[in-house]
Amino acid sequence: MVQATSPQVKFLSYAEYYAYDDGSDNLYELEDGELVEGFYDQTVYTGDGTIKSMVIPEIEISLSDILG
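Residue numbering for the sequence shown follows my numbering, beginning at -4 and increasing consecutively.
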């Protein structure tokens, strides 16, 4: 009987992670020494919406103030 083996996982140091480039536009996080593909949270604003600061919630900026 042949047993399937899982591929070896290479754990990266911070320096290896920082220098890592696979030639794509993919974003990666380093989690417990392993690369985890991630992405930025994206929010689409339309119309006369407002943008709230996540750091200072009392600040609200209208899209028209930014886009003119």
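Ideal Cβ positions, reconstructed from N, Cα and C, are used throughout, including at glycine.
Note that the structure is predicted; figures quoted are calculated from it, not measured.
Where the alpha helix (DSSP H) containing residue i begins and where it ends
{"i": "TYR13", "result": "9 to 14"}
Other residues of its chain near residue i: CB distance less than 8 Å, five sequence neighbours each side excluded
{"i": "THR129", "result": "Residue 129 is absent from the model: the chain starts at -4 and stops at 63."}
{"i": "VAL39", "result": "none"}
{"i": "MET49", "result": "none"}
{"i": "TYR71", "result": "Because residue 71 is not part of the residues shown, which for the chain are -4 to 63, the question remains open."}
{"i": "ASN21", "result": "GLU32"}
Anticipated Cβ contact below 8 Å, residue i with residue j, distance rounded
{"i": "GLU32", "j": "TYR23", "result": "6 Å"}
Residue j beta carbon less than 7 Å from that of residue i
{"i": "PHE6", "j": "GLY42", "result": "no"}
Element boundaries [beta strand (DSSP E), containing residue i]
{"i": "ILE46", "result": "45 to 47"}
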